[in-house]
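A short worksheet on the structure shown next.
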Amino acid sequence: MTNVFFTVNLGMVLLFCFQGIANALGTNPCFQNSCYLISDAESPATWTDNRETCKRKGGDLVSIETEAEWSFLNDEIQKRCIGQPNEWHIGLNKVGEVWKWVNNSPLTIDKWQTTHGEPSGDGNKAVMSKDYPPTKKGLFNDLPNWIKRAYICELPKEHKTCFKSYCYFIFDAKSGGTWSDNRKTCQKKGGDLVSIENEAEWSFLNNEIQKRCIGKPYEWHIGLHKVLKGIGSW
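FYI, in mature numbering (1 follows the signal peptide of the UniProt record, and there is no 0) the residues of the sequence shown are -24 to -1, 1 to 210.
Given below as structure tokens:
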């Protein structure tokens, strides 16, 4: 069975998770220099809360700067069905009277639901819709911050490092978690804490963490735990 390993930052302690390759690629598609985390609707949140979630994962709400990037993401959300209204928060917000992306780039593509008068002034945060209005795909709508939706995070592609059949994602530190909590986080993503099964894999991961500066104690949770007295197990 082929697996993918990745790390999710939960703060002073990072954790290594592993998940199946089909699940990982479906959740984290990549385009040019970015990878994307497209959430489901299990835990919708406000635009502000979703942005904080993206930051904890080492990225931000997506800034869609080109037609090509928009087309790629539109294709990706058409593969997903999260239930009505099938909308995701994106990193587009109104600053004063100007719509801008969270990376400070100006809005240069026109993907508003213009046939429905958008942006209508309902709010200063934007969502990307799967199929609204009917027959239209991937268009934007403005909503107030308090309305809860799923989200699309954009992560730097360099967070992804691969070794043989495995890929690792190492994000910046924000908030810590216990071993059990971190394991649950991994399992919610379809994986588990990493099992380091040979010297070569250990050497690779050791080299990777030497490149990171997350602040003391410079420690990461891994999937090693004590099952019987004196015996460790992955």
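Cβ atoms here follow ideal geometry from the backbone N, Cα and C, with glycine treated the same way.
Residue i in three-state terms, based on DSSP
| i | result |
| --- | --- |
| W122 | coil |
| N183 | helix |
| L200 | coil |
| A44 | helix |
| S39 | coil |
| D16 | coil |
| E73 | coil |
| S156 | helix |
| E175 | helix |
| C57 | coil |
Sequence-distant residues of the same chain with beta carbon closer than 7 Å to residue i, five excluded per side
| i | result |
| --- | --- |
| I66 | L37, V38, I40, A102, V103, M104 and I128 |
Span separating the alpha-carbon of residue i from that of residue j
| i | j | result |
| --- | --- | --- |
| I185 | N50 | 34 Å |
| D168 | G93 | 46 Å |
| L4 | I14 | It should be noted that the sequence gives Asn, not Leu, for residue 4. Spanning the two alpha carbons is a distance of roughly 7 Å. |
| E45 | F7 | 7 Å |
| G97 | S156 | 44 Å |
| Y194 | N158 | 16 Å |
| D25 | K124 | 9 Å |
| T42 | W75 | 15 Å |
| T91 | T84 | 19 Å |
| Y108 | C57 | 13 Å |
| N69 | W77 | 6 Å |
Proximity to residue i [Cα-Cα], best of the options
| i | options | result |
| --- | --- | --- |
| C20 | D86, W122 and W178 | One detail in the question is off: residue 20 reads as Pro in this sequence, not Cys. Answer by Cα proximity: W122. |
| C162 | K192, H197, L181 and N182 | H197 |
| E18 | R27, F48, S47 and G59 | G59 |
Close-in-space but distant-in-sequence residues of the same chain around residue i (CB under 6 Å, 5 per side omitted)
| i | result |
| --- | --- |
| A176 | none |
| K106 | I53 and N62 |
| L115 | K87, Q89 and S105 |
| P120 | G99 |
| query | What are the uninterrupted segments assigned as beta strand (DSSP E) that are 3 or more residues long and contained completely in the stretch 81 to 114, given in chain order? | reply | Runs of the beta strand (DSSP E) lying entirely within the stretch 81 to 114, each at least 3 residues long, are 101 to 105 in chain order.
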